[in-house]
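There are 2 protein chains.
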Amino acid sequence: MAQQGSVFSLTTPAVLIDEIIVDKNIARVQKYMDEAGLKARPHIKTHKIPEFAKKQLAAGAVGITCQKISEAQVFADAGINDILLTFNIIGEEKLEALKALHNQITLTVVADSTHTVDGLAKTFSAERPLRVMVECDTGGQRCGVQTPREATELAQYIAEQPSLKFVGLMTYPMPNTEDNVEAFFEQTAGLLKQAGLECEIFSTGGSPSLFSAERTTIANEYRAGTYIYNDRSLVRAGHCGFDDCAMHILTTVVSRPTESRAVLDAGSKALTSDLLGFTDFGYVVDYPEAVITGLSEEHAVVDLSACTKKPEIGEKIRIIPNHTCVVSNLMDNIYVHKGGEFDRKLDVAARGKVW
Amino acid sequence: MAQQGSVFSLTTPAVLIDEIIVDKNIARVQKYMDEAGLKARPHIKTHKIPEFAKKQLAAGAVGITCQKISEAQVFADAGINDILLTFNIIGEEKLEALKALHNQITLTVVADSTHTVDGLAKTFSAERPLRVMVECDTGGQRCGVQTPREATELAQYIAEQPSLKFVGLMTYPMPNTEDNVEAFFEQTAGLLKQAGLECEIFSTGGSPSLFSAERTTIANEYRAGTYIYNDRSLVRAGHCGFDDCAMHILTTVVSRPTESRAVLDAGSKALTSDLLGFTDFGYVVDYPEAVITGLSEEHAVVDLSACTKKPEIGEKIRIIPNHTCVVSNLMDNIYVHKGGEFDRKLDVAARGKVW
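Residue numbers (my numbering), protein chains in the order written: chain F, 544 to 898; chain Y, 544 to 898.
Take a look at the structure:
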């Protein structure tokens, strides 16, 4: 692959990341969090690259968020020393890995059941207790205790374990459900106070409704991931514009079988099948009227009916994906550029870390 | 990770491949192809593992099919010496890589435009012409020339290039469109004969309707991939039963937030978002009434409403994915077992080879 000049000369498909936009996105969100009085703890799932996490920390983030131990290991080994792991860690091998990680960095995990807490409790020791938050389901309908009462009971159970330290509440909210989050956190805070338990952290997150985070009166930490690159779903959510999207997938038109059809050399192995509510598979930057109607693993089929000018075979065109995080997980590396000028190739170091 | 004993002891999520079923699936399809008088040229996209391709060749396959050059490089380097690359290869760097590959093995590629042919023609030489097939669109609406007339003209154009050799027709058919394929191939064969061109290979493929391939009177090579593992989509197509599915994704129940909800530690990073016409994200082997209603990147949300017995936190359960090929592309390695007994860990050597 070409290592200098325009990124348009790269062999396709290639994931291009505009560092100017990355830096702008980080600065914008950090400034917002600072003004809102919220600690930023970016979720690294979007980029999976230690160098970019360090940019976020340098801008003012208090630490990072990972979802899986094997991801956290990559970032800890790269020198990042404050990690929140927002996952119920279960199973002997994972608990052993967690222990090693805990000896290396400041580690916080979540739990939503006594089962998870019991596993943690027997793994750690009172000499160096593990920091544990209670995960709360405030409407996301994924993991999490269901009521403030349950949250309080689990917090008490954690606090009773000499090897663990209860430090806060964490939720994975749906976009635009801030009121639910506030109510759940407020009620639990009241119950915790009655129970004599201190609650240091109230952690919420999500990029889509990030810019309404200032309205909180109780949350004090915010986890967001996608904002560093942005994507088509965040443009739709009103979070940003297409010009704020740092990730483009560079593709080549490999076939023009009919007047209205183009086929690109990037399929679900590059763009993923994630629709996120869209009916097509990405925004075609260079031909905004083009519609990516279908993907197979290595091909995108594009309907050009609405295009006045149509791309030719061999032409390179850029796509903004529906969902940027899942694209990062498909790529061994990305190409960093500044306004189109190639700068460096980076490994996606935490790609494929599923456990 | 545990390297002996039951695969159920592996840390999750983990992709389990039952080698007994793999061998049975290969033998079944090879026998069918032999009896139908068709040469088998398996598509390696499903497994992406040279060792499994060698099993297919040992059973009687004439060579393999790859979609991308970087995949073909992996298999050529592993000693496989007859590869069909079913992709329009465009761009200088790819053509250079193609040239190196052509010097290493017996290589055949496809083209559906004079643009593609021109690139190939200038890259290769008359001393060692490259074998080229014309890709035909017989209803798949992806790449391919649109009519037998166009196919013949492009075949003539290829035959006129001293550095290329026209060797046949290739199509990517939709399931159950054998009649279209037959008609397109028959008509083109007639036109090619009139033009004095020999056509050595008529190549069709696809696992879903593989067992009707015997009805062809003209196709002589068959490309199929998924049959080696099988998946939920092939069970639905009537190609096989759940017991013929070699790939299971082993997961752990990490949360039971409500009576009817379980959350697994495998999300779209393990199962992919590929629905293939289903409305849920895989078949839960151990709880067939359970429905995987949603995926985020690291979590699957499972509706247990219809289950009389329900899984507990910490329990390991197996999933047959909707689409097996895309799962292989997410995993650095898979765990081979024989009826549940761990045998070996294999790298998915051609994972993530997108160009």
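Ideal Cβ placement from N, Cα and C applies to all residues, glycine included.
These figures come from a predicted structure and were not determined experimentally.
{"Asked": "Residue-chain proximity (V818(F), chain Y), Cβ-Cβ < 9 Å", "Found": "First, the residue type needs correcting, since residue 818(F) is Leu and not Val in the sequence shown. At least one chain Y Cβ lies under 9 Å of L818(F)."}
{"Asked": "Any C-beta of chain Y under 9 Å from that of D875(F)", "Found": "yes"}
{"Asked": "Run of the beta strand (DSSP E) containing E678(Y), from where it starts to where it stops", "Found": "673-679"}
{"Asked": "Residue(s) in a DSSP beta bridge with V649(Y)", "Found": "The residue you asked about is not Val; residue 649(Y) is Thr in the sequence shown. In the DSSP output, where bridge partners are listed per residue, T649(Y) has D625(Y)."}
{"Asked": "K708(F), enclosing beta strand (DSSP E) - first and last residue", "Found": "707-714"}
{"Asked": "First and last residue of the uninterrupted beta strand (DSSP E) at S798(F)", "Found": "790-801"}
{"Asked": "The stretch 845-862 of chain F in contact with the stretch 656-672 of chain Y per 3-pair CB rule at 8 Å", "Found": "yes"}
{"Asked": "T554(F): contacting residues in chain Y (beta-carbon distance under 7 Å)", "Found": "G634, E636, K637, W898"}
{"Asked": "Min CB distance S811(Y) to chain F below 9 Å", "Found": "yes"}
{"Asked": "Contact check, M790(F) vs T747(F), beta carbons under 9 Å", "Found": "no"}
{"Asked": "Any chain Y beta carbon closer than 9 Å to F643(F)", "Found": "Strictly speaking, residue 643(F) in this sequence is Ala, with Phe absent from that position. Taking Cβ atoms only, chain Y never reaches closer than 9 Å to A643(F), which makes this a no."}
{"Asked": "Residue range of the unbroken alpha helix (DSSP H) whose run includes T657(Y)", "Found": "657-666"}
{"Asked": "Distance between beta carbons of D625(F) and V653(F), contact taken as under 8 Å", "Found": "Contact flag wrong, Cβ pair sits at about 15 Å."}
{"Asked": "Which residues DSSP lists as bridging D890(Y), in chain order", "Found": "N876(Y)"}
{"Asked": "Neighbour flag for V797(Y) against chain F, beta carbons, 9 Å", "Found": "yes"}
{"Asked": "Nearest to A892(Y) (by Cα), restricted to the options P593(Y), G634(Y), D722(Y), T666(Y)", "Found": "P593(Y)"}
{"Asked": "Contacts around Y575(Y), its chain only, beta-carbon distance under 8 Å, and the 5 residues preceding and following it disregarded", "Found": "L753, F754, A756, E757"}
{"Asked": "Members of the stretch 595-610 of chain F near chain Y, C-beta cut-off 9 Å", "Found": "Q610"}
{"Asked": "Simplified DSSP assignment, three categories, for S746(Y)", "Found": "strand"}
{"Asked": "Residue of P831(F), H866(F), I863(F), H842(F) minimising C-alpha distance to A849(F)", "Found": "P831(F)"}
{"Asked": "Partner residues on chain F for T714(Y), Cβ-Cβ distance less than 9 Å", "Found": "What T714(Y) touches in chain F: nothing, since even the nearest Cβ is about 12 Å away."}
{"Asked": "For L847(Y) and S803(Y), the rounded distance between their alpha carbons", "Found": "5 Å"}
{"Asked": "Cβ pair count under 8 Å reaching 3, the stretch 719-735 of chain Y against the stretch 678-694 of chain Y", "Found": "yes"}
{"Asked": "Meets three-Cβ-pair contact criterion under 8 Å: the stretch 815-822 of chain Y and the stretch 547-566 of chain Y", "Found": "no"}
{"Asked": "A738(Y) classed as buried or exposed, judged by whether at least 16 other C-beta atoms fall within 10 angstroms", "Found": "exposed"}
{"Asked": "Contact check, I862(F) vs A809(F), beta carbons under 9 Å", "Found": "yes"}
{"Asked": "Assigned exposure category for K665(Y) - 16 Cβ within 10 Å defines buried", "Found": "exposed"}
{"Asked": "Proximal residues to A780(Y) (C-beta, below 6 Å), its chain only, five neighbours per side dropped", "Found": "P751"}
{"Asked": "Distance CB(M874(Y))-CB(G634(F)) smaller than 9 Å", "Found": "no"}
{"Asked": "For A843(F) and A596(Y), the rounded distance between their alpha carbons", "Found": "26 Å"}
{"Asked": "N- and C-terminal bounds of the alpha helix (DSSP H) containing G683(Y)", "Found": "Segment: none, G683(Y) is in no alpha helix (DSSP H) and carries neither H nor E."}
{"Asked": "Straight-line gap, K888(Y) to V869(F) (C-alpha atoms, nearest Å)", "Found": "25 Å"}
{"Asked": "Separation of I632(Y) from E636(F), as counted between CA atoms", "Found": "45 Å"}
{"Asked": "Nearest candidate by alpha-carbon position, reference N872(Y), set N719(Y), T589(Y), L627(Y), K852(Y)", "Found": "T589(Y)"}
{"Asked": "Exposed unless 16 or more other CB atoms sit within 10 angstroms - verdict on G548(F)", "Found": "exposed"}
{"Asked": "Whole-angstrom C-beta distance between F630(F) and Q616(F), which should lie under 8 Å", "Found": "The Cβ separation is near 13 Å, so there is no contact."}
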